[in-house]
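Remarks on the structure that follows.
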Amino acid sequence: MAVKLNTCQEAAIFEDEREGKIREVGNQAVWSLSSCKPGFGVEQLRDEDFDTYWQSDGPQPHLVNVQFRRKTIIQDICLYTNYKADESYTPNRISIRAGNNFHDLVELEQVELIEPVGWVRIPLKDSNDKHIRTFMIQLAVLSNHQNGRDTHIRRIKVRSPVMDTSIHPAPKFTSSEMMQYAYFK
1 MAVKLNTCQE AAIFEDEREG KIREVGNQAV WSLSSCKPGF GVEQLRDEDF
51 DTYWQSDGPQ PHLVNVQFRR KTIIQDICLY TNYKADESYT PNRISIRAGN
101 NFHDLVELEQ VELIEPVGWV RIPLKDSNDK HIRTFMIQLA VLSNHQNGRD
151 THIRRIKVRS PVMDTSIHPA PKFTSSEMMQ YAYFK
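Going by UniProt numbering, the final residue of the sequence shown carries number 185, and the count climbs one at a time with no gaps.
In structure tokens form, the structure reads like this:
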């Protein structure tokens with residue numbers, strides 16, 4: 001059964017990113033698509049311009065493949081769609097799959113989007129309710145609104161939690177008097 005998701009305010013979705021608790025890791029991956037119209041491919045999907053988008057060009061399901069060079073912890077996927085501009089090109093049902101490669105992908109989540117305009121956050125957890133560790137993520141557009149054939153997705157972000165790898169974490173000072181001791185010179 002698909003989980004129904006609504007769009008979120010951009011400020012709410014990216015607050016953790018601004019605070020340094022989470023980071024976008026899509027730039028560390030190799031991206032590929034099942035199909036695209038010329039000039040509407042990965043470059044447009046990953047740029048910062050919401051007026052550009054990926055447009056598929058073929059039969060469903062439409063696939064976005066994200067392959068990492070090393071096993072990567074993934075917290076969530078955020079995608080930006082615009083039902084008002086794209087109508088029948090807007091994804092309605094999406095499957096998120098993960099695995100080591102194309103041959104062992106397992107569905108983690110299936111979501112239903114209801115006329116989304118803006119960012120949609122899809123949290124990813126394994127069967128133990130922990131963030132997933134994977135070499136590959138596949139986003140599959142299973143259907144579009146109004147039974148549309150091809151799809152538009154304007155932006156996708158793949159995000160990972162920032163891990164504190166220090167042996168002894170530095171104390172967090174709150175007063176301005178103590179902030180002077182927060183850094184080595």
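Heads up, the beta-carbon is just placed ideally off N, CA and C, and yes, glycines get one too.
Just reading off the alpha helix (DSSP H) that residue i is part of, what are its end residues?
i, result
"A85", "Y83 to D86"
"E43", "V42 to R46"
How is residue i classed by DSSP in three states: helix, strand or coil?
i, result
"G99", "strand"
"V162", "coil"
"N27", "helix"
"A140", "strand"
"R18", "helix"
Using the DSSP secondary-structure output, state which residues sit across from residue i in a beta bridge.
i, result
"T72", "T134"
"Y80", "W119 and R155"
"K37", "K37 is not bridged to any residue."
"I114", "Paired residue(s): none; I114 is not in a bridge."
Hey, is residue i's beta-carbon within less than 9 Å of any beta-carbon in chain D?
i, result
"D129", "The question asks about chain D, but that chain is absent: this structure has only one protein chain."
Rounded to the nearest angstrom, how far is the Cβ of residue i from that of residue j, given a contact under 8 Å?
i, j, result
"K4", "I114", "6 Å"
"R97", "E107", "5 Å"
"R149", "L45", "So it is not a contact: roughly 18 Å between Cβ atoms."
"V66", "A29", "5 Å"
"D47", "H152", "That pair is no contact at about 14 Å."
For residue i, report the span of its beta strand (DSSP E) as first-last.
i, result
"L5", "V3 to L5"
Inset, instruction - Count the C-beta pairs between the segment 133 to 145 and the segment 38 to 51 that are closer than 8 Å, then say yes if the count reaches three, no if not. - result: The answer is no - the segment 38 to 51 does not touch the segment 133 to 145, with fewer than three Cβ pairs under 8 Å.
Inset, instruction - Evaluate the contact criterion for the segment 13 to 25 versus the segment 40 to 60: three or more CB pairs, one atom per stretch, below 8 Å. - result: no
Inset, instruction - Could you say if the segment 89 to 104 and the segment 140 to 155 meet the contact criterion of at least three C-beta pairs nearer than 8 Å? - result: yes
Inset, instruction - Decide if the segment 149 to 165 is in contact with the segment 22 to 31; the criterion is three or more beta carbon pairs, one per stretch, under 8 Å apart. - result: yes
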